[in-house]
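Residues 1285 to 2160, numbered by the working numbering, are exactly what the first sequence covers, in order. Every residue gets a Cβ at the ideal spot worked out from N, C-alpha and C, and that includes glycine. A quick write-up on the structure given underneath.
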Amino acid sequence: MSDLPKAYEPKEIAESIYARWLQDQTYRADPSSSKPAFSIVMPPPNITGVLTLGHVLNNTLQDVLSRKARLEGYEVLWLPGTDHAGLATEMVVERSLRKQRGIGRKELGREEFLRLVREWREKHGRIIVEQLKKLGSSADWSRERFTMDADYSRAVQEVFVALYRKGLIYRGKRMVNWCPASLTALSDEEVLPREEQSNLYFVRYAVEDEPGAFLTVATTRPETIPGDTGIAVHPEDERYRKWIGRRAVRPFPHGSIPILADAAVDPAFGSGVLKITPAHDKLDFEIGQRHKLPIVDVLHPDGRMNCPSVPELDGLDRFEARKKAASLLEEKGLLAKIEPYLHTVGVSERANVPIEPRLSEQWFLRYPKAEEALRVVRERRIRFFPEHWEKVYEHWIENIQDWCISRQVWWGHRIPVWWKDGSHLCQVESPGPEWVQDPDTLDTWFSSWLWAFETMDPATRRKFYPTSVLVTGPDIIFLWVARMIIAGLEFRPGRGPSLEENIPFRAVYFTGLIRDRLGRKMSKSLGNSPDPLALIEKYGADGLRFGLLRIAPQGQDIRFDEKQIEEGRNFCNKLWNACRFRARFGPIAASARPWEDRLSPFAVEMLSALSQTGIRLETAFGAYEFSEAAGLLYSFVWNDFCSSFLEAAKVDLSQDRSPTASGTLAAFDYALSWILRLLHPFCPFVTEELWNRFELGPSTLQFAGWFSAAEARKLDERLADRKEAALLARSIYQAAERGRHLRSTYGIPSNQKVPFLLRADAPLANAERTVLAALSNASEIADVDGPPPKAPMVLTAVGELYLPLEGILDLDVERKRLTNEKEKLARNWQAIQDRLHNPEVTARVPAEKLKAWKEQARQLESAMRRLEDQLNELSQ
RNA sequence: GCGCGGUUAGCUUAGCGGUAGAGCGCUCGCUUCACACGCGAGAGGUCAUAGGUUCGAACCCUAUACCGCGCACCA
């Protein structure tokens, strides 16, 4: 065993350990294994991505689950990969193309541009994967997949063809969300609402053949007036009823449009009159359809005006045109007023510009299996953690809309449809040279919804599908989670026909969102997102992982504070140093059986705390309460193991021939070997390093077994006849704490040894007395029969403890302290008495509880009596 | 507008019917032979507000306020 450095230095250790893990292929999942299966598919990060704290959280959780499962004896598959991220990648590459060569993708041409994208991907597309390795991720990298892999691409196209043949995919001219920056259609899920301060323009439309009469329309978009093909009012609206059926004058270009009645118009909003622009608004389009209005498109795809009939507007950007249109109306005296107006506009998630509702011909999918998808979650065949996401999911499924799956993007899975002379064929292979493939590609999510099974070969599927759990963020619950469920149910990749065999995962764990210390979302523009690699450099991957998980409660957003990562590192160092302490007393016994030894009360107490921790851990993990689990381990290691047991053990181990010394070492080693394994999922590097340095078992602890609740109970049973000892240890700890309090009250520095006196309730054995002395830094603890003169006193669980302070005792101070203490107890006692003497309480509360309260009252009485005696003593 | 979360010490949070708990930060004392990435002690909370249920409420119910998220065609 080599000497341990004074502090844990993660940098030197992590790299070589990870290299060894990779070399030993410890993460390779074996489909032919006889072990039970545990599997997770990694949500594939975009190839444009770099590691963020969100990724760290997400992947650490998956790693914790995977590593724990390995320790428990499962055959584990954690399947990693990356997503081609069609639009995002295309934007990144096109931006650099413009920067370097001043041209866009159109000028370059499709083939040449795609060559550039592939080149870019080769160069940058796996950065994030390498970063995930720095985190310690135990994914099976030999199975790393990419959504544009040849076989995966083929599967995507086959799925398209299959759905097409079932009549679920159709081509239609409909209103879609058009992104004028990226020049593509988007699905509803890729449009985010954003509050925007804008104006409501009140515009006068004259009634034809009715001089002086006009209807005032309220609109946020005066630039679309040239596209108006009607105005509408509510059929019941008394104010406008008389005008229904007449015609109005469109301001520009000057024209005649009908005034119609439609129940979709809200009479209470604005003026109650709606202008109808069927080409540029979803509701207007629907009203237009009902009344057979013409559709006049006045915008180019890039958002510039396309209306030669109004030369003042033609060619202007839509926002410029809005101002211009307002001033045109002003000139004509048709602008009644402008009101400031706060409303939400849909914004393209990627390009961050307002989307434009636009009539366009696209491919749509009518979702199959919506009913089943609802059922598997409702019936908890797929469990959501936290559960409240079920409602959000249900609401979406119940209101499910057809999915616009075509994108006017080049980088992606090209739609397997072939055109010739206006007719088309849907098949993967080209029907012949005279056929031209549809230029569009598929929505990226149309490939990632297959991720849970198209990443697996048949043997792997047989063993590992359905996966055990999916760990992801709630922001993609519709984009990805819901669609994956539908895909599993539709394509049935499972072993048999049942729902259970075909769902993509049995559980979904939704992480919280990481915010900064002020509660703001992390964003590049705010510059408030720390670089995880810098954090790893500074605190080690173990520190980052443990620190982050400890503050990541289930279902809530996480306020990130670097302090907490520092704590994680400090914790690793604490563990390191506990081992360093142990190393002074010879080699660690790999398979210690402390219960067969003579044990000090302190060892029994620690082992019993370990057992409790094991039982609670199982509950926490079962409920996916990772921060709870991390907290339990933190508290056990720091408080029970180090602060209490280890300090008490110093006494045992420094004495020659202490009869309990070997038991103490055995307890130490037994607990330590479990601590390392229990912590390994959270802190893989430091635990592996310590395990190896102390040769605690096989060359890696990754498969070394798990301290299950069953194992914990077994330990508890082995200690069953020593419960008294554990109780005694706790009493000593408590007495030491009270003693230290007394010292501190009287300003005795912690490095100064002083004698204590003890009037013990029961005779205290020498060993326990020595520990009590050590923990309270007493030079000695001598027995007394009665209160010594003028000495401050505290009540402890083993008797009254006195601090003889010849001459320096301030009687007033001490009397006040004791009186305060007594009053506190008295208040407590009174509260219990009130309860016990209230017939309504005694009639209802179970006898067991009453008994406990009575016992509590008795103890309080005894304590109060002793304090009273001491007060009398001081008064003499 | 509807729905779902949240509101506990300066900060991050646990507790979800029987006397408010932790970590960090802060104050004070310690280089005590594993650890100053440490040890010891202390101060600090009308548990968002108002009602209700209950013998008893941070905890259950009902409103209100603020924060966050989701959904929605109100131009």
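*Reducing DSSP to helix, strand and coil, say where His-1672 ends up.*
Three-state DSSP puts His-1672 in coil, outside helix and strand.
Judging by CA-CA distance, which residue of Gly-1778, Ile-1761, Thr-1366 is the nearest neighbour of Asp-1741?
Nearest Cα to Asp-1741 within the set Gly-1778, Ile-1761, Thr-1366: Gly-1778.
Item to complete: Determine the contact status of Cys-1517 and Ile-1528, defining contact as a CB-CB distance below 8 Å.
Response: Before going on, a small fix: residue 1517 reads as Val here, not Cys. It is a contact, given that the beta carbons lie within the stated cut-off.
Looking at the structure shown, is Ser-1644 part of a helix, part of a strand, or coil, going by DSSP? Three-state DSSP puts Ser-1644 in a strand.
| task | Drop a sphere of 10 angstroms on the beta-carbon of Glu-1474, count the other beta-carbons inside from all chains shown, and report buried for 16 or more, exposed for fewer. | result | Result: buried.
Q.
How far does the alpha helix (DSSP H) with Thr-1948 in it extend, from its first residue to its last?
A. Thr-1948 -> alpha helix (DSSP H) spans 1945 to 1963.
Q | Whole alpha helix (DSSP H) elements within the stretch 2058 to 2127, 4-residue minimum | A | Within the stretch 2058 to 2127, the complete alpha helix (DSSP H) runs of at least 4 residues are 2095 to 2120.
May I ask you to report which of helix, strand or coil DSSP gives Ile-1835? Of the three classes helix, strand and coil, the one that applies to Ile-1835 here is coil, per DSSP.
Worksheet item: Any idea what DSSP makes of Pro-2033, helix, strand or coil?
Response: Coil.
So, Arg-1665 versus Ile-1787, is the Cβ gap smaller than 8 Å? One thing to note: Arg-1665 has its Cβ within 8 Å of the Cβ of Ile-1787.
Would you mind stating whether Gly-1772 and Thr-1728 have Cβ atoms separated by less than 8 Å?
-> In this structure, Gly-1772 sits away from Thr-1728, with a CB-CB distance that is not shorter than 8 Å.
According to DSSP, is Ile-1265 helix, strand or coil? Outside the displayed range of the chain (1285 to 2160) lies residue 1265, so it cannot be described from this structure.
- Message: Considering just the uninterrupted stretch of the beta strand (DSSP E) at Glu-1458, what are its terminal residues?
- Response: With the sequence shown as reference, residue 1458 is identified as Arg, and Glu is not the correct amino acid for it. Arg-1458 -> beta strand (DSSP E) spans 1453 to 1463.
ask   = Does the distance from the C-beta atom of Leu-2102 to that of Met-2148 stay below 8 Å?
value = No; because the gap between Cβ atoms is not below 8 Å, this pair is not in contact.
Query raised in the report: Could you give the residue range of the beta strand (DSSP E) that holds Pro-1742?
Result: DSSP places Pro-1742 in no beta strand (DSSP E) but in the uninterrupted alpha helix (DSSP H) bounded by 1742 to 1748.
Where does Ser-1330 fall in DSSP's three states? Sequence check: residue 1330 is Asn here, not Ser. Asn-1330: strand per DSSP, three-state reduction.
Discussion item. Since Ser-1632 and Ser-1466 should fall inside the 8 Å C-beta cutoff, what is the C-beta to C-beta distance between them, to a whole number of angstroms?
Written reply: About 7 Å; that satisfies the 8 Å criterion.
Inset, instruction - Take the Cβ of Phe-1762 as the centre, count every other Cβ of all protein chains shown within 10 Å, and call the residue buried at 16 or more, exposed below. - result: Buried, since its Cβ has 16 or more Cβ neighbours within 10 Å.
Exercise for review: On the DSSP bridge assignment, give the partners of Ala-1267 in chain order.
Suggested key: Only positions 1285 to 2160 of the chain appear in this structure, which leaves residue 1267 out of reach.
Give me the residue from Val-2082, Gln-1848, Ser-1919, Tyr-1311 with the minimum Cα distance to Phe-1987.
Relative to Phe-1987, the option among Val-2082, Gln-1848, Ser-1919, Tyr-1311 whose CA is nearest is Tyr-1311.
Candidates Val-1334, Arg-1394, Asp-1314: which alpha carbon is nearest Leu-1361's?
-> The alpha carbon of Leu-1361 has as its nearest neighbour, out of Val-1334, Arg-1394, Asp-1314, the alpha carbon of Asp-1314.
In three-state DSSP terms, what is Gln-1685?
It is coil, neither helix nor strand.
* Please state if the CB of Leu-1600 and the CB of Glu-1640 are separated by a distance shorter than 8 Å. => Not a contact, by the Cβ cut-off of 8 Å.
- Taking Glu-1902 as part of the alpha helix (DSSP H), name the residues at either end of that continuous run. Residue range 1885 to 1906 is occupied by the alpha helix (DSSP H) that includes Glu-1902.
Quiz item: With a CB to CB cut of under 8 Å and the five nearest residues on each side skipped, what residues in its chain are close to Gln-2143?
Solution: Excluding five sequence positions before and after Gln-2143, none of the CB atoms of its chain fall closer than 8 Å to its own CB.
Should His-2121 go down as buried or exposed, given a rule of 16 or more other Cβ atoms within 10 Å for buried? An exposed status is given to His-2121, since fewer than 16 other beta-carbon atoms sit within 10 Å of its beta-carbon.
Are the Cβ atoms of Thr-1725 and Arg-1691 separated by less than 8 Å?
Against a cut-off of 8 Å, the Cβ pair of Arg-1691 and Thr-1725 comes out as a contact.
Determine whether the beta carbon atoms of Ala-1825 and Pro-1294 lie at a separation below 8 Å.
Pro-1294 is positioned such that its CB atom lies closer than 8 Å to that of Ala-1825.
Inset, instruction - Measure from the alpha carbon of Ala-1950 to the alpha carbon of each residue in Ser-1927, Leu-1980, Leu-1963, then state which is nearest. - result: Per the Cα distances, Leu-1980.
* Asked: Between Leu-1499 and Pro-1595, what straight-line distance do the alpha-carbon atoms span, to the nearest angstrom?
  -> Leu-1499 and Pro-1595 have their alpha carbons spaced roughly 26 Å apart.
Report task. Take every Cβ of the stretch 1783 to 1800, pair it with every Cβ of the stretch 1695 to 1709, and state whether three or more of those distances are shorter than 8 Å. Result -> With a cut-off of 8 Å, the stretch 1695 to 1709 and the stretch 1783 to 1800 do not count as touching, because too few Cβ pairs lie within range.
Segments assigned alpha helix (DSSP H), at least 4 residues, entirely inside the stretch 1359 to 1420 = Contiguous alpha helix (DSSP H) elements confined to the stretch 1359 to 1420 occur at 1370 to 1385, 1389 to 1392, 1394 to 1408, 1411 to 1418, taking only those with 4 or more residues.
- Segment limits, alpha helix (DSSP H) that includes Asn-1857: The continuous alpha helix (DSSP H) containing Asn-1857 extends over residues 1846 to 1867.
Worksheet item: Quick one, are the C-beta atoms of Leu-1649 and Leu-1452 less than 8 Å apart?
Response: Their beta carbons are under 8 Å apart, which means Leu-1649 touches Leu-1452 by this criterion.
- request: Could you check what DSSP says for Asn-1636 in three-state terms: helix, strand or coil?
  value: Assignment of Asn-1636 by DSSP, reduced to helix, strand and coil, places it in the coil class.
With three or more beta-carbon pairs closer than 8 Å as the criterion, would you say the stretch 1868 to 1886 touches the stretch 2022 to 2038? The stretch 1868 to 1886, when compared against the stretch 2022 to 2038, does not touch it at the 8 Å Cβ threshold.
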